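Heads up: the structure comes next, in structure tokens.
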Amino acid sequence: MACRITELVIDCAEPQRLADFWCAVLGYVEVGWEGDALEIGPPGIGFGGPQPTLVFVRSTEPKRGKLPLHLDVNATDRDQDAELERLLGVGARKVDIGQGGDAAWHVLADPEGNEFCLLRRRVDAV
35 MACRITELVI
45 DCAEPQRLAD
55 FWCAVLGYVE
65 VGWEGDALEI
75 GPPGIGFGGP
85 QPTLVFVRST
95 EPKRGKLPLH
105 LDVNATDRDQ
115 DAELERLLGV
125 GARKVDIGQG
135 GDAAWHVLAD
145 PEGNEFCLLR
155 RRVDAV
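Numbers 35 to 160, taken from the numbering used here, label the letters of the sequence shown in order.
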């Protein structure tokens, strides 16, 4: 037997703002609130499906530098350049961490500064 990742929990100042952003990025929908936590997941599936849900938990503690974990995303229905423009349009911003102009990925940040990467390869939507 093995485990699988069912949820990723992210501390943040504004759960609704980050949930709206990541719903736009991933095509997810709100699953619901529980206390100060807002969960989002794939439409019609939510928790327990093949893709993990994201849970945004309100926190007043400030972010301390670069997170030790980041998300990588791949476009499902367009090339990397078109997806980059879409992500910038929904609120992502480019981040320079020294990756250089010839990198096969783009380093971006969500509205609270959490870094994630847009990789080159296109993948199936699942």
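We put the CB at the ideal spot given by N, CA and C, even for glycine. Here the structure is a predicted model, which is why all the values come from computation and not from measurement.
Task: Phe90 - containing beta strand (DSSP E), residue span - done: Annotation for Phe90: the continuous beta strand (DSSP E) segment containing it runs Thr87 to Arg92.
Task: Of the listed residues Glu64, Gly132 and Phe150, nearest to Ile74 (C-alpha basis) - done: Glu64
TODO: Return the first residue and the last residue of the alpha helix (DSSP H) that Gly125 is part of.
DONE: Per DSSP, Gly125 belongs to no alpha helix (DSSP H) and is neither H nor E.
- [ ] Flag this pair as yes or no: are the beta carbons of Tyr62 and Leu88 separated by less than 9 Å?
- [x] yes
Open item on the list: Considering Cα atoms alone, identify which of Leu101, Asp113 and Gly69 is closest to Ile131.
Closed with: Leu101
Task: Ala71 versus Asp136: straight-line alpha-carbon distance, rounded - done: 39 Å
Task: DSSP-derived helix/strand/coil call for Leu153 - done: coil
Task: Counted within 10 angstroms of its Cβ, other Cβ atoms place Pro96 as buried (16 or more) or exposed - done: exposed
TODO: Tell me whether Cys57 sits in a helix, a strand or coil according to DSSP, three-state version.
DONE: helix
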